[in-house]
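Q: First, the structure itself, so that you have it in front of you.
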Amino acid sequence: MGSKAHVFTVYLLLLFAFTSKALPNTFDVMKYGAKAGSDITKALLSAWKEGCAAAGSGKVVVPKGKYFLGVVDLIGPCKGAMHLQVEGTLVAPAKASQHSKNSWVTLRYLDRLTVSGGGAFDGQGEIAWERSYCGDRCKTPLPIYQNLRFDFVTNSIVEDVTSIDSKQFHVNVLGSKSLTFQRFSVKAPGHSLNTDGIHIGRSEGINIINSNIVTGDDCWEQASTNCWNMQLNMQLIQQDS
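Going by mature numbering (1 follows the signal peptide of the UniProt record, and there is no 0), the letters in the sequence shown line up with residues -24 to -1, 1 to 217, in that order.
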């Protein structure tokens, strides 16, 4: 009887150890000073930095609510798989002059990345679209501002999130491999110029599945001939007119 109890205890300990290793380390931005209705740029970058450096997989969580977010680079490589779980709505700087570069949220040099959560990335693009109509009257050309940029991202998935009113491209994919967009939504009105849904260049194995893209420009665009194994199962996809 004692022997059986000992074996059972060892089994439970092994099961607990396995489960603990399987569960990702969670880094909630609220624990880094984020508050709904405020700018969470520093909190998100801090949570990402610790999650990326943690042993095993890391999950950075943005809870439900509305948050303002400046330009951020979420960079790898990380020690393990990373999960950006956006449950709330992230709001970009409204003016193009507030962008220090041509992309708002950049994810780069990452393997086994997941972006999910049911939330949204709101690019506040209306001011930029007005600039697009000014033509020669503009003193300077309008740069390309993208909501989301994936550079050199592999074996990853973006699902159940929405890109809203990007200033220009909603998503730019460069040098990536085996990246899937699933149940991914893009929303922008018909007068939003040059707001391609997903712009793809020099990438391989990019899948767009069961996604809903409604925008003022191309649903998706292949920027170069250096793209291979493209799978486009684009159900419920349309272009606003």
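Note that beta-carbon positions come from the ideal geometry of N, C-alpha and C, so glycine has one too.
Note that the structure is predicted; figures quoted are calculated from it, not measured.
Check each candidate in VAL190, GLY27 and LYS163 and name the one with the smallest Cα separation from GLN100.
A: Residue 100 sits at position 124 when you count from the first residue of the sequence shown. Closest by alpha carbon: LYS163.
Q: Can you check whether the CB of TRP24 is closer than 8 angstroms to the CB of LEU50?
A: Taking the first residue of the sequence shown as position 1, residue 50 is located at position 74. Taking the first residue of the sequence shown as position 1, residue 24 is located at position 48. Result yes, Cβ atoms of LEU50 and TRP24 sit closer than 8 angstroms.
Q: Helix, strand or coil for GLU63, going by three-state DSSP, please let me know.
A: Sequence index remark: in the sequence shown, residue 63 carries index 87 (1-based). Here GLU63 sits in coil by DSSP.
Q: Using the rule of at least 16 other Cβ atoms within 10 Å of the residue's Cβ for burial, across every protein chain shown, is ASP193 buried or exposed?
A: Residue mapping note: residue 193 aligns to position 217 of the sequence shown, counting from 1. For ASP193, the pLDDT reaches just 49, beneath the cut-off of 50, and the residue's location in the model is therefore unreliable, leaving the point undetermined.
Q: Does DSSP put GLY93 in a helix, a strand or coil?
A: Residue numbering aside, residue 93 sits at position 117 when the sequence shown is read from its first letter. Three-state DSSP puts GLY93 in coil, outside helix and strand.
Q: I'd like to check one pair, VAL149 with SER187: are the Cβ atoms closer than 8 angstroms?
A: Residue numbering aside, residue 187 sits at position 211 when the sequence shown is read from its first letter. Residue numbering aside, residue 149 sits at position 173 when the sequence shown is read from its first letter. Not a contact, by the Cβ cut-off of 8 angstroms.
Q: Starting from LEU20, trace the alpha helix (DSSP H) in both directions and tell me its first and last residue.
A: Looking up residue 20 in the sequence shown gives position 44. Looking at the DSSP string, the run of the alpha helix (DSSP H) that includes LEU20 is 17 to 29.
Q: Strictly by DSSP, which residues pair up with PHE126?
A: Residue mapping note: residue 126 aligns to position 150 of the sequence shown, counting from 1. For PHE126, which the question treats as bridged, DSSP gives the partners LEU83 and VAL149.
Q: Along the beta strand (DSSP E) that carries SER139, what are the first and last residues, could you check?
A: Counting from one through the sequence shown, the residue named residue 139 turns up at place 163. It spans 138 to 140 - the beta strand (DSSP E) in which SER139 sits, taken as one unbroken run.
Q: So what's TYR121 in DSSP terms, helix, strand or just coil?
A: Along the sequence shown, read from residue 1 onward, the residue named residue 121 stands at position 145. Coil.
Q: Would you tell me roughly how many angstroms separate the C-alpha atoms of CYS195 and ILE174, rounded to the nearest one?
A: Within the sequence shown, numbered from 1, the residue matching residue 195 stands at position 219. Within the sequence shown, numbered from 1, the residue matching residue 174 stands at position 198. Low local confidence applies: a pLDDT of 48 at CYS195 is under 50, so the model's placement there is unreliable, and no value is given.
Q: If we call anything under 8 angstroms between Cβ atoms a contact, is ALA70 one with ILE16?
A: The residue you call residue 70 lines up with position 94 of the sequence shown. The residue you call residue 16 lines up with position 40 of the sequence shown. Against a cut-off of 8 angstroms, the Cβ pair of ILE16 and ALA70 comes out as no contact.
Q: In chain order, what residues of the same chain have a beta carbon less than 7 angstroms from the beta carbon of MET6, not counting five sequence neighbours either side?
A: For the purposes of this step, residue 6 is taken as the residue at position 30 of the sequence shown. Result list for MET6: PRO39, in chain order.
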